[in-house]
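One structure is given here, and the rest of the page talks about it.
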Amino acid sequence: QDQEKNTVPSAFAVYLTGYLIRYDKEWRNWWHDQVKSTPSLWRPSYLFSSTTRQLVVRERYRQVTLAVRKRVETLDIAKLCDLLYNRYIELPGKYPKHHLALLFAFLPTEQQPQAL
10 QDQEKNTVPS AFAVYLTGYL IRYDKEWRNW WHDQVKSTPS LWRPSYLFSS
60 TTRQLVVRER YRQVTLAVRK RVETLDIAKL CDLLYNRYIE LPGKYPKHHL
110 ALLFAFLPTE QQPQAL
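In our numbering, each residue's number is its place in the sequence shown (first place is 1) plus 9.
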């Protein structure tokens, strides 16, 4: 069955990926494992060159962001916003809430949650 596809801005997908890595423990642990693992072809350069490490990490982040965006575009955006809000709003400190508000601001106005 074809699922309805919502178009989400690239900035939303990039920020959502970063938000999950920063504030979700499972995502954070998974991401740290990704960053630690070194592709065998890159190993010598990866170990001794910060430029190579940055390129590898950026490419992995780009791939993850594309996968997140692809998945998000199959979801009901209002339900996704509710889920994110309910799951992360109780995190301690002001920054998770602030970053969540910034995340929602990357959505087109008609998709931004008004009731949250």
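All C-beta atoms in this analysis are idealised placements derived from N, C-alpha and C, irrespective of residue type, glycine included.
What did DSSP end up calling residue 81 once you bin it into helix, strand or coil?
Taking the first residue of the sequence shown as position 1, residue 81 is located at position 72. If DSSP states are grouped into helix, strand and coil, residue 81 belongs with the helices.
With distance defined between alpha-carbon atoms, name the residue in 37, 121 and 65 nearest to residue 94.
Here the question's residue 94 lines up with position 85 in the sequence shown. Minimum Cα distance to residue 94 is reached at 121.
C-alpha distance - residue 112 paired with residue 61, whole-angstrom precision
Taking the first residue of the sequence shown as 1, we reach residue 112 at position 103. Taking the first residue of the sequence shown as 1, we reach residue 61 at position 52. Spanning the two alpha carbons is a distance of roughly 29 Å.
Coil, strand or helix - residue 103 by DSSP
The residue labelled residue 103 in the question sits at position 94 within the sequence shown. The answer is coil: DSSP assigns residue 103 none of H, G, I, E or B.
Counting Cβ pairs, one atom from each stretch, are 3 or more of them under 8 Å apart for the region 62 to 69 and the region 15 to 24?
no
What separation, rounded to the nearest whole angstrom, lies between the Cα atoms of residue 78 and residue 58?
Taking the sequence shown and counting its residues from 1, one reaches residue 78 at position 69. Taking the sequence shown and counting its residues from 1, one reaches residue 58 at position 49. One C-alpha to the other measures close to 30 Å.
In terms of residues, what are the limits of the alpha helix (DSSP H) holding residue 25?
For the purposes of this step, residue 25 is taken as the residue at position 16 of the sequence shown. Note, residue 25: alpha helix (DSSP H), 19 to 32.
Report the three-state DSSP secondary structure of residue 115 (helix, strand or coil).
In the sequence shown, counting from the first residue as 1, residue 115 sits at position 106. Reduced to three states, the DSSP call for residue 115 is coil.
Mapping DSSP to helix, strand and coil, what is residue 124?
Taking the sequence shown and counting its residues from 1, one reaches residue 124 at position 115. Reduced to three states, the DSSP call for residue 124 is coil.
Along the chain, where does the alpha helix (DSSP H) containing residue 151 start, and where does it finish?
No information on residue 151 is available, as it lies outside the stretch 10 to 125 that the chain covers here.
Any contact of the region 84 to 91 with the region 26 to 40, i.e. 3+ C-beta pairs under 8 Å?
no
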